[in-house]
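Residues 73 to 209 in the numbering used here are what the sequence shown spells out, letter by letter.
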Amino acid sequence: MTRPPHHDPRLIAVVALGGAVGTTARWAVTHAIGSSANGFPTATLVENVVGSFLLGALLEALLRRGAESRRGRVLRLGLGTGLLGGFTTFSALALELERLLAAGQVTTALVYAAASLVLGILGCVAGIALAARRGTA
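Structure below.
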């Protein structure tokens, strides 16, 4: 009898390793971009939009390969759930929105929330489109 994927220690390790790499990459991007003078969380916005783009591209590329293989599952879990899950951060987005609102920066919070949603969706769609185009070339 095969163990369900979420009980397989090897797959859990793949997700954990990917998460460690993704979190380290997020830290590096945050420190490279720094914080803006007006308190707008540019680094988190960039990380989430880039992560959305890459996740869209990854999942579309894997989908175009057909039925999920063992290798495809490792790629999906390691790169998607692990690396990109660690690189993107909903919790930082929520915390930054709360801090902006608590500081009375309602307009900035609304712009940040809207930009995160719209650009995240557009990034994902662009990643899907790019992978679909490459998959048919």
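In this text, a Cβ means the ideal position worked out from N, Cα and C, and glycines have one as well.
- request: Give me the Cα-Cα distance between A187 and I193, rounded to the nearest whole angstrom.
  value: Using only the alpha carbons, I get a separation of about 10 Å.
Three-state class that DSSP yields for F125 in the structure shown: Of the three classes helix, strand and coil, the one that applies to F125 here is helix, per DSSP.
- prompt: Over what stretch of residues does the alpha helix (DSSP H) that includes S163 continue unbroken?
  reply: Unbroken alpha helix (DSSP H) run through S163: 162 to 174.
task: Using beta-carbon positions only, say whether T180 and E119 come within less than 8 Å of one another.
output: No, they are not a contact pair.
message: According to DSSP, simplified to helix, strand and coil, what is N110?
response: Collapsing the DSSP output to three states places N110 in coil.
message: Which residue marks the beginning of the alpha helix (DSSP H) containing T96, and which one marks its end?
response: Its alpha helix (DSSP H) spans residues 81 to 105.
message: For H79 and G111, I'd like the C-alpha separation in whole angstroms.
response: In this model, H79 and G111 are separated by some 42 Å (Cα to Cα).
query: Secondary structure at R148, three-state DSSP: helix, strand or coil?
result: Helix, per DSSP.
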